[in-house]
Structures are given as structure tokens and as C-alpha cells.
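Quick note, the sequence shown lines up with residues -9 to 848 if you use the numbering used here.
First the structure, in the form of C-alpha cells, and then the observations on it.
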Amino acid sequence: MAKRKSISAEATSSAEGSGSRKSTRAEPPRESEDLAVDDVETEAVADAESPVAASPASAGTTRGRRGNKKEAEKDGKDRFVGEAVSEHEAKARWPRRYEKRSRHVNGTEVKKGNEADTEVLRARRHYKMAEVDGQVYHLYDNAHCQAGDGEDPYICKIVEMFEAIDGTNRITCQWYYRAKDTPIEAHFKFIDADRVFISEIKDDNELDCLVEKIVIKTCELGKQKPPKPYAYFCDMKFLVPFSSFITLPHEELAISKSETPSTVSYDVTTRTDAVEFPPTKNSQLFLLDLYAGCGAMSLGLCLGSELAGFDLTTRWAVDLNEYACETLRNNHPETVVRNEMASDFLSLLKEWRKLCATFSLINAEEVDQLYDISIEEDEDENDHDADDIPEKREDSEIFEVETVLDICYGDPNQINKNGLYLKIRWKGYGSDEDTWEPIEGLSNCGKAIKEYVENGYKNNFLPLPGDVAVLCGGPPCQGMSGFNRFRNRENPLEDSKNEQIIVYMDIVNYLRPRFVLMENVVDLLKLSKGYLGRYALARLIQMNYQARIGMMAAGCYGLPQFRMRVFLWGALPSEILPQYPLPTHDVDNRGVVPVEFEMNLVTAGEGEGRALKKKIFLKDAISDLPSVSNSDKNDEMSYAKAPQTEFQRNIRLSKEVFRLPSSSKQKLHETLYDHRCLELNDDDFQRVSLIPKRKGANYRDLGGVLVNTDRKAYLDPNMERPMLKSGKPLVPDYAVKFVGGTSLKPFGRLWWDEIVPTVVTRAEPHNQVILHPEQDRVLTVRENARLQGFPDYYKLYGPTKERYMQVGNAVAVPVARALGYCLGHSFGGSVGIHPLFILPEKFPIIENFPLDSSESEN
-9 MAKRKSISAE ATSSAEGSGS RKSTRAEPPR ESEDLAVDDV ETEAVADAES
41 PVAASPASAG TTRGRRGNKK EAEKDGKDRF VGEAVSEHEA KARWPRRYEK
91 RSRHVNGTEV KKGNEADTEV LRARRHYKMA EVDGQVYHLY DNAHCQAGDG
141 EDPYICKIVE MFEAIDGTNR ITCQWYYRAK DTPIEAHFKF IDADRVFISE
191 IKDDNELDCL VEKIVIKTCE LGKQKPPKPY AYFCDMKFLV PFSSFITLPH
241 EELAISKSET PSTVSYDVTT RTDAVEFPPT KNSQLFLLDL YAGCGAMSLG
291 LCLGSELAGF DLTTRWAVDL NEYACETLRN NHPETVVRNE MASDFLSLLK
341 EWRKLCATFS LINAEEVDQL YDISIEEDED ENDHDADDIP EKREDSEIFE
391 VETVLDICYG DPNQINKNGL YLKIRWKGYG SDEDTWEPIE GLSNCGKAIK
441 EYVENGYKNN FLPLPGDVAV LCGGPPCQGM SGFNRFRNRE NPLEDSKNEQ
491 IIVYMDIVNY LRPRFVLMEN VVDLLKLSKG YLGRYALARL IQMNYQARIG
541 MMAAGCYGLP QFRMRVFLWG ALPSEILPQY PLPTHDVDNR GVVPVEFEMN
591 LVTAGEGEGR ALKKKIFLKD AISDLPSVSN SDKNDEMSYA KAPQTEFQRN
641 IRLSKEVFRL PSSSKQKLHE TLYDHRCLEL NDDDFQRVSL IPKRKGANYR
691 DLGGVLVNTD RKAYLDPNME RPMLKSGKPL VPDYAVKFVG GTSLKPFGRL
741 WWDEIVPTVV TRAEPHNQVI LHPEQDRVLT VRENARLQGF PDYYKLYGPT
791 KERYMQVGNA VAVPVARALG YCLGHSFGGS VGIHPLFILP EKFPIIENFP
841 LDSSESEN
């Protein structure tokens, strides 16, 4: 028996070579194709004389037989019963089975495709009933199929019954998947054991692979499980591309009375290209940005949603870095920015809900039931009673509370006592005397607390379950880093450095946002076979969210850097799961793509026939910026010249125009911010000054370095080692030893016609290619920001190193903007289940402005 494989592993199997298993990637049909029950078309089948065990994870192969086929036919156990389908109906429903072909192999018709021969088994006649081992099966019945010894039986829906021209009795199976056979894999424990997912993968099998007829009931995602009896229930469709889990469209929940016998509950084989019901829209669409950094991800999502016609506002943002929070506050005055740990923020949200219930602003039970919230609470601190707030303050002097200014959960006074605290302005004292007080230690300020909570509830100081339209964020997972020699490969979730991904999902579970977008580095899908990425996917599905996961390269969306990142979409059952935007620029994806997730990469090849824009190079992005020296410290300056490229014109648009660009508004931002670099020390500055100003120059161009035939660098033993004024070597040992002497990165100089691999968080040139092409310095904060797509009006705050970190940790704005545009279309209910979206030709709707070096900047 063939060994059963999970879909994530099987999906990457090669279809080439003798005896090799075909890829299970289910390519979405074009818009003209229909996968409805009445027009089922099957994929390839292998030679009928070489059957293998039935497996939904190995689409495209003939399945195994049980026992001796001839003996079974003599006994009359495995046969079609009833009248055959009329020739007219059969040819209408399954036309490929009856088309004449020019070439046949063992009764199999072979049609030449674009890349390989597509095999279609021809049929003599079709049936609607069959008998196997004395049990009668109807068309569209669900069944268990034979698997390998000791394995669980496979699960299928019978979508076709026919006698092949070689005389064998065949069925076409549409496969269901258990959670453990999908990318969830190791985290299947989160999913009910009797929950299965219908796929769009179909293949041909011999009739006698059937073991028993079973009942599979379908139900709406997020609703109560259907009543027993049943073998399994199904509330989602699993699509191999981008590991997509989507809600069952309405027509797939309908009972097919004409074809499905009463013993089988529902028919779930119909595909729809557009969900017919529009999502419920709130008058205001609020976004919560967790692990927000300086706000690039939420900025892009809001910009893209606005281009799609929806007003999405970042109402709340949370980050632990105080300088990133300062950047957020200054660039987004409409946002409530909280400088705290995400876990403390979650605790605060729970306390806030209790306070709102205390003052009768919400009905806590109704909220819990509506959003399926379950909170474990200490019995002694279950509720805040209005009569008990506040209690006695332990001070010899009685202070009177003038007003409550803020609220937090944690230890703001750093006294090792976590809890709910209020920031108090004391009557008769100024702001310098404001203090954080535990709520249970206040005295005679119940009215002030009530006023604060009522005002906060009215003005959305904090979100309650159901308030958040979109939750986005990139939880830090330092435990995945390749620099971490002690990372836990067996169970990365046990590493405290990865616990934020759990916190992130806990916040999703509590707030129940309509849409979720999580971003992270590609290691999310690489470390331990993608353990953490699979966990995130499993948690969303456990919470009854639709979900899909994909990888996108920033350069494909109009930036001069490759920068590959993972994006995980989630959507409530009532919403349409957002898609991934196809690339707009002709840039090859770089970086190591995890083998088991190769089909999760968004590539231009998925949108054949589209004209892509030319790739953006470094010169296109920064050549208009004025020259600065290694020691310049100006935070603001004037531009030296007018924009030289379309990229420069667009990035310099003023804030109001950048939001909704058009040819009728061309006002440019006037002041250049953050065009300053990290000042190198004297030794490094001397080294950088000696690096030639040409493409590919690096430390190897300094004196005393030789290169072997294997391209490894080493110090010239026959030459006295050149020294700096400080007495240190011109070429430091770490440069020669980096990556065993094979790296070209130390003190590497960028060039104008290059695309940067990725913008980093540190500006030291010791092991990175970050030197300006023609100036003796590293790239400035603003130049890095340009490479990330930050508009020039976006000002960074904090020390120089902190600004580099904010930019390097950010999501590339054009990528987020493209994702936001897809999100806007999901808000509008105008997209189907296909995972990819074609952006408008001139996205983001910016006309080709005339570029003239002499034109006015305003």
C-alpha cells in the first residue's frame, strides 16, 4: 500500500519521471470553467493496470483495489445497477469522457497540453447507482475508501460513476480532508476529530475501492454543530493553493433532492465564483494594529481600503517600543496609541469590558453570547461593583481626585504588582503630580471613574468585542531567528521568544474582528517545517475563521528591494476572505521558499497575459535626495532637486494627495525629514572612504586581501597588513572570517542599477551591503524609508538607531496598500473564492506625471 501523505508534503511532489506521484496542486479554473455538480470534469488518471492505494493527498492517480476483481465481478458484488444514464445526458454532463482523441494508451485518451500530456479516461456509459459488497451507493453519496494498512480510511464524495472503455468500473472521488492531512498537521488537536474539509481535488478510482457509505452533514461555519447521527460534519472548503480554508457557499449548503438520497445530508460539490450575500457593514470601520511598530502596515491597509472606496481608520495601535509609539502618535493623531505589552493590553480589554458592564454601558452576557467569549476570571475579582469603586486609599493625607486621565493593566509603578491602574490628576495639583493608582486603592472617586468610563466608551478609547473591523500585526518571534543558536526546533511554541504569536491569536479570539492580517518573516514557514505558521492557521480555523496564507515579495509591488514576507489572512464566516494582489512589477522573487509551501508564493506567473511594469532600481528611488556627509545631523532640510522619476514624484506627494492620488492634484511635500545617517566611528569611516565607488565593491578591494579559486578570501601572507591611524587593521578579521570568507557583504557598496535584498534594522556596514553608491556613508534613514515605500511626509522619531529599527521592522507600505485594496473589495462583497486578485493597471491610480528637472516642486 502506498504511504499516506499530508497535503502540504504531497502538494510539492514532482509529476515528472517514471513512477513519480503527480502534484496535488488544484489550479483554480478560469472564470469560464464550472465545477458544479452538473458539469464535473476530472483530472488525470494513471494506467489502470497499476493501481495504488486511495488517498485524497495524491490526486491524479488510480486508486487501489480490494481483493480479486474478477472474483468480485463473478459474485456480482461490485457492479453498477439500474439503467445507464442516457447518451445525451451523459455527454452533456461529462463531455470529456466522450470526446474522440487521436492517441490512446491502454484505453486512456491522451490530450497534449501546454506543458505535459493530460490523460482523460474515456467512458462507454455512465450510471447513478452501484453495488459494492452488497451495499448500494448513489451518485453523490459520501463514502469511506480503502487506505493503507493501519491507516484511517479516506473520505470521498462520489461525483461520477462510469464504465471505462477498457471495461473497468470506475468512480470519480471528490476528496474530504481531515485536519491532520492539511497544512494544520501537528496542530490538528485544535480541530474536532469528526470535522472534515471538502476539497476541489478529484480523481478516478476503481469501483471496488469503496468500503462503506457514510453520512457527512454540512453546516454553516461558526454555527452549532449539526445533530447526530453522522460520521463527520463539514463546514469549510479546503483549497490547496495558498492553504485556503473558506466557508461553504450557500449553494453548497443546499440539499440536492434530485440527486442525493435521503441517507446523505447535503451536496457540497458546487463551486461559486462570487458570494451572493454582501457582508454586514458598520458605519465606521476601525482597525487595531498590534505590534504596530511605526504604523506602516496599518497605514498601507487604510490607504488601500480607501482606494477601494471604504473608510478604514486605525483607531488603536499597540507597541512596546516607546519611540515607535511616538512616531505613530505624531503621524496618526486620530489613533489611540498604547505603549505596552500585548498581553497586558489583552488583560486591559477584559477589565474594560467589566467596567463598561459595571456602569450599565453594555450587557456583558449578551456580548459574551454574541461573540462566543469565554473568560476565566478570579472569583474574588469577577466584577467591579459600582458601590465598591473606589475603596480606601492607604495614605495619611486625604487626596481628592479631580479627574481620571488614563487606564492600563500592568505594573506602571514598577513595584512587582500587576493589576488594573488608573492615572489620576489630583485636585489642587499639576500634571507633574499625576500618579498611577490601583483601582482598588482609590477613595471617593466613583463619579470620576464613571465619567471616564462613559467618555471612553462613547469615544472608543478601547475596543470591545465586535468593535474591530480589522486586526493586523506582526507578532515578534525571535525564537525563529537563524542567529538564535538555541532555538527550539522540536516545539517552537515552548520557546518564550515565540509566545507573542499565542498572545496575538488570544486577542483575535477575544475581540472577534471581522478580518485578520498577520505578517511575519519567511522563517514562520521554514523553522520546523513551518510549525509556527501551521499553528497560526490552526488557531484561526479553530476559532471558525476562514484563512489562507501566502508569501509576497516587496519588489513585485514597485520597490527596489526583494524582501519576502508571509501574510496570513483571516475572515469571519459572514465575510469574504480577502485575496492576495498579483505583482504589478517585473521582479523575480528571491529567497529560499519553504518546499512544503511553494504553492503559497504569490508570483506574476499566476496572472498570465498581464503587462507588468518595469522593476524599480535604487537610482529610481533615491537619486533626487541631496548629498549628506557621515556626520550631518540635520533632521529637516530642503530637497536639492525636483523628482527625477515617477517613483520619486509619487513618494513626495503631500499627505492629502498621497491618500487619493490623481492627475488633478500634484502638490508635493516640501520638507525632507530624516535624511541623516548613522555616524560611523573613525575606523569604519576610513575603511568606507577607501571602498571604490563602483558596482560590487567591498572589503576585498582594500589592501592585503586575496581570493582563492574557490572564491574564499584570505589575508595576503606575503604582504604587511595595512593598518589604520588608530593602529587597528584596515581589513578587520571579522570581515575575512564572515561566512567562512565567502561573503561579499562586509563594507559592501550598493549600486544604482541594483535591487536591495532587504532593508535591515541596523546600519552598521560590518556584514551588510548598505554603503551609498557615491558617498562615503551608509544609507540614511530616509533612503531606507524610501526603499520601504514610506511617503516622504512620514516623519520618524527617536534616536537615529531607533529610526533605522522602526523602518527595518516595518511592512513595506506598497505591499500593505495592495493588500488593503483587496481588503476593500472584500468589504464590498465583490470578489470570489479565487485566492488571487488583479490590481488595476495604474494602481494605485497615479497618472504618469510629466517629469522635468526644471519644473516647480509645488
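Built from N, CA and C at the ideal position, the CB exists for glycine as well.
None of the values given here were measured: they were computed from a predicted structure.
query, result
"Proximal residues to residue 820 (C-beta, below 6 Å), its chain only, five neighbours per side dropped", "none"
"First and last residue of the uninterrupted alpha helix (DSSP H) at residue 78", "77 to 83"
"Which of helix, strand or coil DSSP assigns to residue 203", "strand"
"Per DSSP, the bridge partner or partners of residue 331", "Partner(s): none; residue 331 has no beta bridge."
"Ordered list of beta strand (DSSP E) runs contained in the stretch 402 to 464, each at least 3 residues", "409 to 416, 425 to 428, 460 to 463"
"Candidates 544, 694, 499, 484: closest to residue 511 by CA position", "544"
"Contiguous beta strand (DSSP E) assignments of at least 3 residues, all confined to the stretch 505 to 539", "505 to 510"
"Of the listed residues 715, 410, 348, nearest to residue 335 (C-alpha basis)", "410"
"Cα-Cα separation between residue 921 and residue 672, rounded to whole angstroms", "With the chain running from -9 to 848 in the structure shown, residue 921 is simply not present."
"The stretch 335 to 347 / the stretch 456 to 467 touching (three or more Cβ pairs under 8 Å)", "no"
"Limits of the beta strand (DSSP E) - the one that residue 120 falls within", "119 to 122"
"Whole-number beta carbon distance between residue 633 and residue 664, since they are thought to touch under 8 Å", "Rounded, the Cβ-Cβ distance is 18 Å, inconsistent with contact."
"Helix, strand or coil at residue 187 [DSSP, three-state]", "strand"
"Selection from 140, 833, 117 that minimises the alpha carbon distance to residue 808", "833"
"Buried or exposed by the 16-neighbour rule on C-beta atoms within 10 Å, applied to residue 400", "buried"
"Three-state secondary structure (DSSP) of residue 764", "coil"
"With 16 other Cβ atoms within 10 Å as the buried cut-off, status of residue 371", "Residue confidence is low: residue 371 scores 44 on pLDDT, short of 50, so the model does not pin down where it sits. Its coordinate-derived value is still stated next. So residue 371 counts as exposed."
"Nearest neighbour of residue 276, chosen from 295, 744, 302 [CA to CA]", "302"
"Distance CB(residue 583)-CB(residue 572) smaller than 8 Å", "no"
"Three-state secondary structure assigned by DSSP to residue 481", "coil"
"Inter-residue Cα distance where the pair is residue 17 and residue 234", "At residue 17 the pLDDT is 35, less than 50, meaning the model places this residue with poor confidence; the figure from the coordinates comes in the next sentence. Going by the C-alpha atoms only, they are around 13 Å apart."
"Buried versus exposed call for residue 345 [16 or more other C-beta atoms within 10 Å across all chains shown]", "buried"
"Whether residue 127 touches residue 207 by CB criterion (8 Å)", "no"
"Neighbour-count burial assignment, residue 509, 16 or more Cβ in a 10 Å radius", "buried"
"Inter-stretch contact at 8 Å, needing at least 3 Cβ pairs: the stretch 313 to 325 / the stretch 276 to 285", "yes"
"Residues near residue 641 by beta carbon distance below 7 Å, same chain, minus five either side", "776, 781, 782"
"Inter-residue CB distance, residue 192 and residue 163 (contact presumed, cutoff 8 Å)", "7 Å"
"Secondary structure of residue 753, DSSP reduced to three states", "coil"
"Which of helix, strand or coil DSSP assigns to residue 833", "coil"
"Minimum C-alpha distance to residue 224 - residue among 183, 198, 201", "183"
"Residue burial classification, residue 541 (beta-carbon count within 10 angstroms, cutoff 16)", "buried"
"C-beta contact flag for residue 392 and residue 416 at 8 Å", "yes"
"C-alpha distance - residue 555 paired with residue 714, whole-angstrom precision", "40 Å"
"Proximity winner among 694, 733, 670, relative to residue 700 (alpha-carbon distances)", "733"
"Beta-carbon gap between residue 523 and residue 514 smaller than 8 Å", "yes"
"Cutoff 8 Å; reference residue 396; Cβ partners in own chain excluding five residues on either side", "412, 413"
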